[in-house]
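Residue numbers (UniProt numbering): 1 to 378.
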């Protein structure tokens with residue numbers, strides 16, 4: 001599907017050709033006729049290096065906006081609006097979230113041809129981690145503490161938000177398999193409605209693979225997770241999805257953005273995801289002890305607890321979620337790469353390195369050391 005020489009972040013911490021063509025001047029012209037915030041002559045200032053969509057900052061006479069475009073097979077206007085409703089709820093609750101703009105008809109998501117578009121206001125915060133890969137560890141402990149504090153603030157704002165589960169599995173983080181009493185049976189039932197994933201797994205010994213990698217971690221956890229209230233969560237809490245501003249001698253979170261993976265999971269699932277995203281150098285050539293940033297995990301946890309206290313029992317559950325928190329999303333990546341972009345190499349990487357490899361890593365000395373730190377923090 002590559003139609004551009006624009007390079008994006010690859011799954012192996014490399015620069016690769018984009019799967020999706022960059023946003024063109026003709027597309028901006030089409031959007032200009034629908035959004036009052038794009039006025040007059042426009043120019044592209046920056047193109048995003050993120051790989052799963054196309055995005056750009058556009059400047060016009062009315063100011064700067066952020067335009068994001070996804071293929072309709074990944075996000076329809078209806079499924080994208082699910083994210084926007086959650087963002088709007090958080091904003092009304094006082095959480096500093098990105099402002100999603102409405103077109104002349106009041107819509108926040110538009111379909112045109114094969115594409116679905118959204119337009120955001122460009123916030124004033126500093127994009128300190130604009131070029132950081134999503135799994136690059138956060139080493140500034142003060143910022144990790146602040147990120148934990150803001151995540152708890154978001155969870156406080158999310159309380160009371162009731163909406164159905166996302167209408168898609170594609171590139172959405174869910175906890176369906178974690179909450180299931182029998183995750184393999186649950187996945188089997190899902191495959192009827194997920195033909196691309198079913199087609200990929202048909203050539204894999206996936207039941208045996210999951211019984212070896214995931215099921216041992218899952219034993220006994222489903223009943224404990226059932227005690228966790230379902231909560232709409234961000235589910236992709238990394239420093240690169242936060243904008244920052246200076247306050248005194250330090251940096252605080254100015255704006256939270258990129259809710260593409262958001263869904264109803266739980267607060268502990270979201271916090272475990274934050275630790276997995278920020279405290280482990282997954283892209284390091286060797287995932288040894290140097291890949292573990294336990295001090296980052298503790299700073300995230302401490303910042304979170306300053307806003308929302310966690311009992312010892314819940315911190316223990318948080319630690320036990322870590323080897324599992326990636327599972328549903330890794331399967332959605334397999335589905336995306338196999339069924340949408342048609343990349344067998346990326347689908348295999350998502351299956352072997354992400355789905356199975358992340359769970360297996362927690363059995364290594366490095367993985368066990370991180371879990372031990374969290375058990376002690378309980």
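Note that CB positions come from ideal geometry on N, CA and C, so glycine has one too.
Does the Cβ-Cβ distance between residue i and residue j come in under 8 Å?
{"i": "residue 119", "j": "residue 35", "result": "yes"}
{"i": "residue 110", "j": "residue 77", "result": "yes"}
{"i": "residue 360", "j": "residue 213", "result": "yes"}
{"i": "residue 373", "j": "residue 297", "result": "yes"}
{"i": "residue 147", "j": "residue 301", "result": "no"}
{"i": "residue 156", "j": "residue 271", "result": "no"}
{"i": "residue 259", "j": "residue 66", "result": "no"}
{"i": "residue 329", "j": "residue 268", "result": "no"}
{"i": "residue 108", "j": "residue 72", "result": "no"}
{"i": "residue 151", "j": "residue 90", "result": "no"}
{"i": "residue 233", "j": "residue 158", "result": "yes"}
{"i": "residue 191", "j": "residue 198", "result": "yes"}
{"i": "residue 30", "j": "residue 84", "result": "no"}
{"i": "residue 324", "j": "residue 178", "result": "yes"}
{"i": "residue 163", "j": "residue 82", "result": "yes"}
{"i": "residue 249", "j": "residue 125", "result": "no"}
{"i": "residue 53", "j": "residue 70", "result": "yes"}
{"i": "residue 384", "j": "residue 287", "result": "As displayed, the chain neither begins before 1 nor continues past 378, which places residue 384 out of reach and without an answer."}
{"i": "residue 304", "j": "residue 149", "result": "yes"}
{"i": "residue 51", "j": "residue 103", "result": "no"}
{"i": "residue 362", "j": "residue 326", "result": "no"}
{"i": "residue 378", "j": "residue 312", "result": "yes"}
{"i": "residue 209", "j": "residue 356", "result": "yes"}
{"i": "residue 141", "j": "residue 295", "result": "yes"}
{"i": "residue 381", "j": "residue 228", "result": "Here the chain covers residues 1 to 378 and nothing more, so residue 381 does not appear."}
{"i": "residue 28", "j": "residue 38", "result": "yes"}
Starting from residue i and walking both ways along the beta strand (DSSP E), at which residues does that stretch end?
{"i": "residue 121", "result": "115-121"}
{"i": "residue 107", "result": "Careful: residue 107 lies outside any beta strand (DSSP E) and carries neither H nor E."}
Return the first residue and the last residue of the alpha helix (DSSP H) that residue i is part of.
{"i": "residue 315", "result": "312-321"}
{"i": "residue 86", "result": "77-92"}
{"i": "residue 375", "result": "365-377"}
{"i": "residue 329", "result": "327-336"}
{"i": "residue 295", "result": "294-307"}
{"i": "residue 153", "result": "141-158"}
{"i": "residue 359", "result": "357-361"}
{"i": "residue 346", "result": "344-349"}
Which partner residues does residue i have in the DSSP bridge list?
{"i": "residue 100", "result": "120"}
{"i": "residue 126", "result": "244"}
> Do the segment 288-303 and the segment 335-349 make contact, defined as three or more Cβ pairs closer than 8 Å?
Replying inline: Verdict: no, contact absent.
> With contact counted as at least three CB pairs below 8 Å, one residue from each stretch, are the segment 315-331 and the segment 152-167 in contact?
Replying inline: Proximity of the segment 315-331 to the segment 152-167 falls short of the contact definition, fewer than three beta-carbon pairs being nearer than 8 Å.
> Which whole runs of the beta strand (DSSP E) in the segment 241-287 are 3 residues long or more, in chain order?
Replying inline: Scanning the segment 241-287 for uninterrupted beta strand (DSSP E) segments of 3 residues or longer gives 242-247, 250-256 and 263-265, listed from N- to C-terminal end.
>> List, from N- to C-terminal side, the beta strand (DSSP E) runs of 3 residues or more that fit wholly inside the segment 166-240.
In response: You should have 231-233.
>> Contact between the segment 29-44 and the segment 55-64 is defined here as three or more beta-carbon pairs at a separation below 8 Å; is this criterion met?
In response: With the cut-off at 8 Å, the segment 29-44 and the segment 55-64 touch.
>> To test your reading of the DSSP string, which unbroken alpha helix (DSSP H) runs of 4 or more residues are found completely within the segment 2-71?
In response: Taking only runs of at least 4 residues, the alpha helix (DSSP H) segments lying wholly in the segment 2-71 are 25-32.
> Would you say the segment 171-180 touches the segment 137-147, given that touching needs at least three Cβ pairs under 8 Å?
Replying inline: No: fewer than three Cβ pairs fall under 8 Å.
> At a cut of 8 Å, does the segment 129-144 reach the segment 235-253 through at least three beta carbon pairs?
Replying inline: When C-beta atoms of the segment 129-144 are compared with those of the segment 235-253, three or more pairs fall below 8 Å, so the two segments count as touching.
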